[in-house]
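Worksheet: one structure, shown below.
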Amino acid sequence: MRRTVTIDSRFTVLAHRVRLGQFLSVGAVGAAIETVIVALLTALFGVGPLLAKAVGAEVSISTMFAINDRWTFSREGRPDIRAVVQRWVKSNLVRSVGLLVSFSILYLLTHSTDYSVVLLNADLWPTLANLIGISTAMVVNYTAESLFTWRV
Numbered sequence: 050m051r052r053t054v055t056i057d058s059r060f061t062v063l064a065h066r067v068r069l070g071q072f073l074s075v076g077a078v079g080a081a082i083e084t085v086i087v088a089l090l091t092a093l094f095g096v097g098p099l100l101a102k103a104v105g106a107e108v109s110i111s112t113m114f115a116i117n118d119r120w121t122f123s124r125e126g127r128p129d130i131r132a133v134v135q136r137w138v139k140s141n142l143v144r145s146v147g148l149l150v151s152f153s154i155l156y157l158l159t160h161s162t163d164y165s166v167v168l169l170n171a172d173l174w175p176t177l178a179n180l181i182g183i184s185t186a187m188v189v190n191y192t193a194e195s196l197f198t199w200r201v
């Protein structure tokens, strides 16, 4: 039996306040994890902001997937390990679009500007630029994860 999907029905699913609230809460956890990793790697260890973001992003994406799979979208997928791994791979692929947005913003803000935000002798501008990129990419990620990873 074929299910009819309309733009209105997709918008209604995406605008579901509980699911959106859960996704944003999980996103805040992911943003915090990534931000701490970027701050530590750039400010304390001298790692470049793009490499620091790559490390932080993958740790964050995997953590957010685990929480979203168990909480936000717990009713949307089969629980067997193969299905979970398939969703994790799909989540990483889907979030690559959000990462492209986020990386682009981070690159532009750290390579096209001469800003510096110093606190305790550490430049926090890469961390702030990363937060701006994360915030922008959240809209892309929520839409793509809802429609493609968990197919709500």
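Under our numbering, the residues of the sequence shown are numbered 50 to 201, in order.
Heads up, the beta-carbon is just placed ideally off N, CA and C, and yes, glycines get one too.
Item: Inter-stretch contact at 8 Å, needing at least 3 Cβ pairs: the stretch 164-177 / the stretch 88-108; Value: yes
Item: From Ser145, Asn117, Arg119, Met187, residue whose alpha carbon lies closest to that of Glu107; Value: Ser145
Item: Three-way DSSP call (helix, strand, coil) for Leu73 in this model; Value: helix
Item: Residues sharing a beta bridge with Leu168, DSSP; Value: Ala171
Item: Limits of the unbroken alpha helix (DSSP H) element including Asn141; Value: 130-160
Item: Three-state class that DSSP yields for Ser195 in the structure shown; Value: helix
Item: Interface flag, Arg119 vs chain B, CB-CB below 8 Å; Value: The structure shown contains no chain B; it holds only a single protein chain.
Item: Where the alpha helix (DSSP H) through Val108 begins and ends; Value: 98-116
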